[in-house]
Amino acid sequence: MFKSSKKPTGNVVPKPTPELVLPTVEKPLKPQPQSKAPSKTTKLPSIAKGGNEEGKGRPAYLLHRDLVIGRGSYGQVCIASREAPANSKSGKRRKFASKCVTLKPEPKYIAKLQEEVCVLKELRGHPFIIQLYDVLCISSELFIITELGRGGDLFHLLTTHPKHGVTEAYAAKSISQMLSAVTYMHEKNIAHRDLKLENWVLMSPNAWSDLKLIDFGLSTHFERTSQGTKLMSRVVGSSYYVSPQVLKRSYTEACDLWSLGVIAYMLLSGAPPFFGASDTLIKQAIVNGTYTFPTSLFKDVSEEAKGFVCSLLSYAPEYRLTARQALNHPWLLAAAPKTVSYSTSQSATLSNNDTEGSTSMSS
Numbered sequence: 001m002f003k004s005s006k007k008p009t010g011n012v013v014p015k016p017t018p019e020l021v022l023p024t025v026e027k028p029l030k031p032q033p034q035s036k037a038p039s040k041t042t043k044l045p046s047i048a049k050g051g052n053e054e055g056k057g058r059p060a061y062l063l064h065r066d067l068v069i070g071r072g073s074y075g076q077v078c079i080a081s082r083e084a085p086a087n088s089k090s091g092k093r094r095k096f097a098s099k100c101v102t103l104k105p106e107p108k109y110i111a112k113l114q115e116e117v118c119v120l121k122e123l124r125g126h127p128f129i130i131q132l133y134d135v136l137c138i139s140s141e142l143f144i145i146t147e148l149g150r151g152g153d154l155f156h157l158l159t160t161h162p163k164h165g166v167t168e169a170y171a172a173k174s175i176s177q178m179l180s181a182v183t184y185m186h187e188k189n190i191a192h193r194d195l196k197l198e199n200w201v202l203m204s205p206n207a208w209s210d211l212k213l214i215d216f217g218l219s220t221h222f223e224r225t226s227q228g229t230k231l232m233s234r235v236v237g238s239s240y241y242v243s244p245q246v247l248k249r250s251y252t253e254a255c256d257l258w259s260l261g262v263i264a265y266m267l268l269s270g271a272p273p274f275f276g277a278s279d280t281l282i283k284q285a286i287v288n289g290t291y292t293f294p295t296s297l298f299k300d301v302s303e304e305a306k307g308f309v310c311s312l313l314s315y316a317p318e319y320r321l322t323a324r325q326a327l328n329h330p331w332l333l334a335a336a337p338k339t340v341s342y343s344t345s346q347s348a349t350l351s352n353n354d355t356e357g358s359t360s361m362s363s
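This is the structure:
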C-alpha cells in the first residue's frame, strides 16, 4: 500500500500552550500591531459574522492550542470549543476546528485570506462541504472557525486499512459525495485546486459516515466567457494529485476532476497512478500521463470502475467528464449504496450502514 510522506493529520501534538478565548465581534480584516498575550476574557474583533449562529452575545470560543489536528505553511488547525446554548439538551461544550493564521502586512496575502473566507461563506449549507461558523481576528492572528470532522481524513483511513483499497461500494459512496460537493462548487464558478485524500474528512468515527471537503486555502473563483472558462496559470496543488495542465500553467476547473480521478484510483487500489522517488519524478510521470491497472492491485476491481477512473484521468481536459457528468456515471449509479442520497442540495443518509463503530470496507 502506498505511504505518503505526509503524516495523517491529528497525530502531531506539540507542547501545550496557554488557552485563548475567542469571542465574536465584527471588524475589517487587517494585521494589527502585536500586543501582550491575550487573556481568557480578551475580546477578539471579527471580520465575519457566524455561519449558522449569527448574532452577538454568544458564548466565547476557547481555543485549545495544545490540541493540534493539522499543520501547513499557513500555521496550524486546533480544536476550539464553547459552551452549549442555553436550550441544549446535552449541556456539553461544542467542539469546532480553528484554522490559526499569522497575518502578514502584504496585500496579496490578505487578499488570499479574504478569498478563502468568501468561498467558505458562499458554499455554506452543502452537506459535503465543511461549514463556516466564524472568522475572528486579534492582533496579528486570524482564526477561521468551522465544524469539526471527528473521524479523521480519508488518507489515514486508507493507509490503515488492512487490504489494498476499499470495496467498490465504499469507493462509489465516497466519490459520489465528493462529486456532489465539486459539482456545487463548479456551478458557483469556484475551483478547489487541492483535492486530495487528506482534504476529505469523516464526520464521525464510523467509516460510513458522511465526508466533507476541507481546506479552501488554494480555492479560487474562475471566470466563464462565451469561449469557455478563462484559463488559470498559478501552479498549485499537491504531489500525486495535481493535473498535467496545472504543471503546464494553463488549466481550468477540470483540474479538480483529474484530482478526483487520482483519488478514485487510490481508493480502489491503495496506490497512486503516478509515482516517483521525488516530487520532480512524480511530476514528470504526471506530465507523461501514462498509467496502468496492475493486476496485483486491481484483480477484484470491475471494468466499469476502471472505466470511470479513465474518464476522469483523460489527459485532454475537453474529453474529461465534468463533475455533473461524473456524478451520473453508470458505475456510480450502480455501485453506490442505494440508501445514500447524493443530491447537491440535500443531506445524505446512510441509514442501513450508519452503525456506530462499523468500519467494514473489505471485499
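Okay, so the sequence shown: first residue is 1 according to the UniProt record's numbering, each after it adds one. Each residue gets a CB set at the ideal place from its N, CA and C atoms; glycine is no exception.
From residue i to residue j, what distance separates their C-alpha atoms?
i      : j      : result
TYR61  : ALA97  : 11 Å
ARG93  : GLY149 : 16 Å
GLY237 : LYS248 : 13 Å
ASP210 : SER302 : 24 Å
GLN76  : ILE144 : 11 Å
ARG124 : PRO105 : 28 Å
ALA80  : LEU157 : 24 Å
GLU318 : PHE128 : 26 Å
GLY289 : PHE298 : 19 Å
HIS126 : ALA171 : 20 Å
GLN34  : VAL119 : At GLN34 the pLDDT is 45, less than 50, meaning the model places this residue with poor confidence; the figure from the coordinates comes in the next sentence. Using only the alpha carbons, I get a separation of about 28 Å.
THR159 : PRO273 : 16 Å
CYS137 : LYS95  : 19 Å
ILE214 : SER296 : 32 Å
HIS161 : VAL201 : 16 Å
LEU132 : SER226 : 33 Å
ALA181 : TYR74  : 24 Å
TYR109 : GLY276 : 32 Å
ARG234 : PRO294 : 33 Å
Under 8 Å by Cβ, that's how I've got residue i and residue j pegged, so tell me the actual separation to the nearest angstrom.
i      : j      : result
ARG320 : LEU257 : 5 Å
MET203 : GLY151 : 6 Å
LEU332 : SER176 : 5 Å
THR167 : LEU327 : That belief does not hold up - the Cβ atoms of THR167 and LEU327 are roughly 20 Å apart, past 8 Å.
ALA169 : ALA335 : 6 Å
Look at residue i and residue j and say whether their C-beta atoms are less than 9 Å apart.
i           : j      : result
THR146      : LYS99  : yes
LEU113      : LEU67  : no
ASP194      : SER259 : yes
SER314      : LYS283 : no
TYR291      : ILE263 : no
residue 364 : GLU198 : For residue 364 there is no data in the structure shown, the boundaries of the chain being 1 and 363.
ALA191      : SER219 : yes
GLY217      : GLU116 : yes
Taking the DSSP output, what are the residues bridged to residue i?
i      : result
GLU141 : THR102 and ILE138
TRP331 : Beta-bridge pairing links TRP331 to no other residue.
MET232 : TYR251
TRP200 : LEU213
THR146 : ALA97 and LEU132
CYS118 : In DSSP, CYS118 forms no bridge with anything.
TYR240 : According to DSSP, which records beta bridges pairwise, TYR240 is partnered with nothing at all.
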